[in-house]
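For reference, the structure discussed in these notes is given below.
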Amino acid sequence: MRVIFLGPPGAGKGTQARELSREWGVPQIATGEMLREAVAAGTPLGREAKRVMDSGGLVPDDVMIGLIAERLRQPDAARGFILDGFPRTIAQAEALDRLLKDLGHSLDAVLYFQVSEPELLRRLTGRRLCRRCQTAYHLVSAPPRRPGVCDRCGGELYQRPDDSEETVRRRLEVYSRQTAPLLDYYGGRSLLSTIDGEGSVEAIAAAIRRAVTEAR
Ligand code: AMP
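Numbers 0 to 215, taken from numbering that gives the first Met the number 0, label the letters of the sequence shown in order.
The structure is reproduced here in structure tokens:
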């Protein structure tokens, strides 16, 4: 199972990847999450990435390609993976093709999560995440049972610094300019399926399972 979850920020890639990686027994490889961990640990990568992430831009391709090359060589990724947040540029997609070729693997499917822009803005600006297990909540449409506390693990909820309205607008612009061209890149190779990202979490998971079964 080697799949890419592609789509704008706030489309629900992380939520679905977290659930389906458990179900499928393959790791969720979320580059944004890896970068946030590096920022929290204060590593050189974290220091380099923080300013770019806070402004809503993209971390340079060479840095991201190095990071993903190292991650895909870990033993747990040998049986498959869900890529969540990578690739985000054509250069990253080309590097991924080369990397998979070197490893003797190929992609099974690319799933594009389609969500309207007003809905993305609404989701991201009201989003709260668990610091410990990364479960996502929404202040209005999916609040936790106790304010500020994760239902699942009791962890503290926080707002990502890049989920402010101004930064969200910039992230959506960067997505349209740099990441949306990947739809043609993968569409041209018949790997792409579009998933309606506006239903319930369970309905979306069911659509993903169907698309992946058909693709394989
Ligand atoms: P995410 O958690 O996927 O929304 O990513 C958060 C931030 O991390 C993005 O806004 C980028 O600044 C950075 N980032 C994550 N993945 C990538 C990538 N593949 N290429 C460049 N920057 C990335």
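For glycine and all other residues, C-beta sits at the position ideal for the given N, C-alpha and C.
Below 8 Å between beta carbons: does that hold for leucine 106 and leucine 99? The beta carbons of leucine 106 and leucine 99 sit closer together than 8 Å.
What separation, rounded to the nearest whole angstrom, lies between the Cα atoms of alanine 76 and valine 25? Their backbone Cα atoms lie some 7 Å apart in a straight line.
Could you check how far apart the C-beta atoms of glycine 196 and phenylalanine 112 are, in whole angstroms? I think they sit under 8 Å. Indeed, because the Cβ distance is near 4 Å, the residues count as touching under 8 Å.
Is the Cβ-Cβ distance between leucine 190 and alanine 92 less than 8 Å? Their beta carbons are not under 8 Å apart, which means leucine 190 does not touch alanine 92 by this criterion.
For the beta strand (DSSP E) containing arginine 127, list its first residue and its last residue. Element bounds for arginine 127: 126-129.
So is the beta-carbon of threonine 30 under 7 Å away from any non-hydrogen atom of the ligand AMP? Result yes, Cβ under 7 Å from the ligand AMP.
On the DSSP letters alone, give me the boundaries of the beta strand (DSSP E) that arginine 2 sits inside. As written in the sequence, residue 2 is valine, which differs from the arginine given in the question. Run containing valine 2: 1-5, per the beta strand (DSSP E) assignment.
Go to glutamine 73, then tell me how far its alpha helix (DSSP H) extends in each direction, as first and last residue. Note, glutamine 73: premise wrong, no alpha helix (DSSP H); not H, not E.
When DSSP builds the beta bridges, which residues end up paired with histidine 104? According to DSSP, which records beta bridges pairwise, histidine 104 is partnered with nothing at all.
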